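Numbering (full-length UniProt numbering), first residue to last: 1 to 396.
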């Protein structure tokens, strides 16, 4: 055994891949520590609602346990009833056939994203991703060995995508363009015309499109946000990442899915076997109930967010110097800035100290968002109202 010393600790890390050594895990930990010291903090920094998973979903998972569904799931790409339910669901909401062969169930939306990247990205290649963006995207590309290449939306009172500049940022080493729509954190949502332009570009160049549509049902101008699945054919180089976490109040269940061309189903099945060995059958049984019976729940959560967002915009407008973008078309966040403030970390710290409200600083989502603050509004309206009352009082 090596003696315990600073030297031996350094040697213990020899051989660890550079991508692992360099992983960056900065988050809101420091603010969270201070929040525990202060007490009575309303934490609105996490991307998670406050609705407990309803009984009809929990009961379906419990019934699966009681029936003895505690063994390996034989099909790595998913439990049969859930694959069927997802095929029916996606065919219905997107208005075109999406057969079972095009869907792989994963233990969480993050795992669906990771599978998508593993499928495509080699060392030395890059992925262009639309920013501001959830930090897991940048780090997952880096972890796999690719180059994360952020491309920022333009902020002109609202968030806008310059497609010509986006396409010009791709090169011969670009394997994929990644976007989330509706976006975390901005709420920016791609239009159908923008989706068509992305698809046309993919068909011309062979560059894949990875569309994170986890917030797709949390859309305020219709039942579902415009999706690339509404226009793509089975043979197109298109991957759609999704999750049960947000729209069905199942964040802690860790279940999602990847929609893909049927031509890569076998490869994804093999990858699933070696990366996560499938998703637990009782969890998948709960997801079946969510898909089959959960439309009222989706509408309830959507309305909860809409109410929270309306409250946020009404009350935040009372704070001098607030910069409120055009109200987003989807997602579950208010994303705003303060005039004269270039680093939202300081603003978040002041709000925490003076108003006892926890918000996420924008630098976590990339340099283009450093001046912004993110507030999750998928909460009880009374809690949102209390938080905003504190902020208005503290900042006036």
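All C-beta atoms, glycine included, are put in the ideal place defined by N, C-alpha and C. No experiment lies behind these values; they were computed from the predicted model shown.
Under the three-state DSSP convention, the category residue i falls into
| i | result |
| --- | --- |
| residue 184 | coil |
| residue 252 | helix |
| residue 381 | helix |
| residue 358 | strand |
| residue 392 | helix |
| residue 240 | strand |
| residue 70 | coil |
| residue 313 | helix |
| residue 259 | strand |
| residue 308 | helix |
| residue 46 | coil |
| residue 7 | Note that residue 7 has pLDDT 44, beneath the 50 cutoff, so the model's placement of it is unreliable and the number below is only indicative. If DSSP states are grouped into helix, strand and coil, residue 7 belongs with the helices. |
| residue 333 | strand |
| residue 288 | helix |
| residue 373 | strand |
| residue 281 | helix |
| residue 175 | strand |
| residue 220 | coil |
| residue 436 | What the structure shows of the chain is the stretch from 1 to 396, and residue 436 is not part of that stretch, so it cannot be assessed. |
| residue 129 | strand |
| residue 403 | Outside the shown range of the chain, which is 1 to 396, sits residue 403, and nothing can be said about it. |
| residue 323 | strand |
Chain-order list of residues whose beta-carbon lies under 7 Å from that of residue i (same chain, five-residue window excluded)
| i | result |
| --- | --- |
| residue 162 | 154 |
| residue 326 | 157, 158 |
| residue 19 | 142, 143, 145 |
| residue 381 | 307, 308, 311 |
| residue 87 | 98, 99, 100, 103 |
| residue 293 | 56 |
Buried/exposed call for residue i, threshold 16 Cβ in 10 Å
| i | result |
| --- | --- |
| residue 227 | buried |
| residue 280 | buried |
| residue 116 | buried |
| residue 123 | exposed |
| residue 38 | exposed |
| residue 244 | buried |
| residue 156 | exposed |
| residue 219 | buried |
| residue 396 | exposed |
| residue 83 | buried |
| residue 284 | buried |
| residue 59 | exposed |
| residue 241 | buried |
| residue 79 | buried |
| residue 296 | exposed |
| residue 274 | exposed |
| residue 30 | exposed |
| residue 367 | exposed |
| residue 424 | The shown model of the chain, from 1 to 396, leaves out residue 424, and the question about it has no answer. |
| residue 346 | exposed |
Limits of the unbroken alpha helix (DSSP H) element including residue i
| i | result |
| --- | --- |
| residue 348 | 344-355 |
| residue 59 | 55-66 |
| residue 274 | 265-275 |
| residue 98 | First-last for residue 98: undefined, no H or E at that position. |
| residue 163 | 163-168 |
| residue 33 | 29-38 |
| residue 200 | 192-205 |
Same chain only: Cβ atoms within 8 Å of residue i, ignoring 5 sequence neighbours per side
| i | result |
| --- | --- |
| residue 97 | 91 |
| residue 22 | 142 |
| residue 106 | 112, 115, 255, 256, 257, 258, 272, 276, 279 |
| residue 313 | 324, 327, 334 |
| residue 67 | none |
| residue 318 | 392, 396 |
| residue 230 | 94, 95, 96, 192, 195 |
| residue 265 | 77, 101, 102, 104 |
| residue 342 | 370, 371 |
Cβ distance (whole Å) where residue i is taken to contact residue j below 8 Å
| i | j | result |
| --- | --- | --- |
| residue 358 | residue 41 | 5 Å |
| residue 174 | residue 128 | 6 Å |
| residue 371 | residue 337 | 5 Å |
| residue 236 | residue 198 | At roughly 10 Å, the Cβ-Cβ gap does not stay under 8 Å, so residue 236 and residue 198 are not in contact. |
| residue 120 | residue 268 | So it is not a contact: roughly 12 Å between Cβ atoms. |
| residue 57 | residue 290 | 5 Å |
| residue 181 | residue 213 | 7 Å |
| residue 140 | residue 189 | Contact flag wrong, Cβ pair sits at about 22 Å. |
Check: residue i C-beta below 8 Å from any heavy atom of the ligand ADP
| i | result |
| --- | --- |
| residue 249 | Absent from the structure shown: the ligand ADP. Ligands present: none. |
Sequence-distant residues of the same chain with beta carbon closer than 6 Å to residue i, five excluded per side
| i | result |
| --- | --- |
| residue 43 | 358 |
| residue 321 | 338, 339 |
| residue 108 | 254, 256 |
| residue 166 | 151 |
| residue 374 | 185, 333, 335, 360 |
| residue 302 | 218 |
The beta strand (DSSP E) enclosing residue i, as first and last residue numbers
| i | result |
| --- | --- |
| residue 148 | 147-152 |
| residue 20 | Premise fails: residue 20 lies in the alpha helix (DSSP H), 18-21, not in any beta strand (DSSP E). |
| residue 144 | Careful: residue 144 lies outside any beta strand (DSSP E), inside the alpha helix (DSSP H) at 135-144. |
Below-9 Å beta-carbon distance, residue i vs any chain D residue
| i | result |
| --- | --- |
| residue 265 | Of the chains in the structure shown, none is chain D; there is only one protein chain. |
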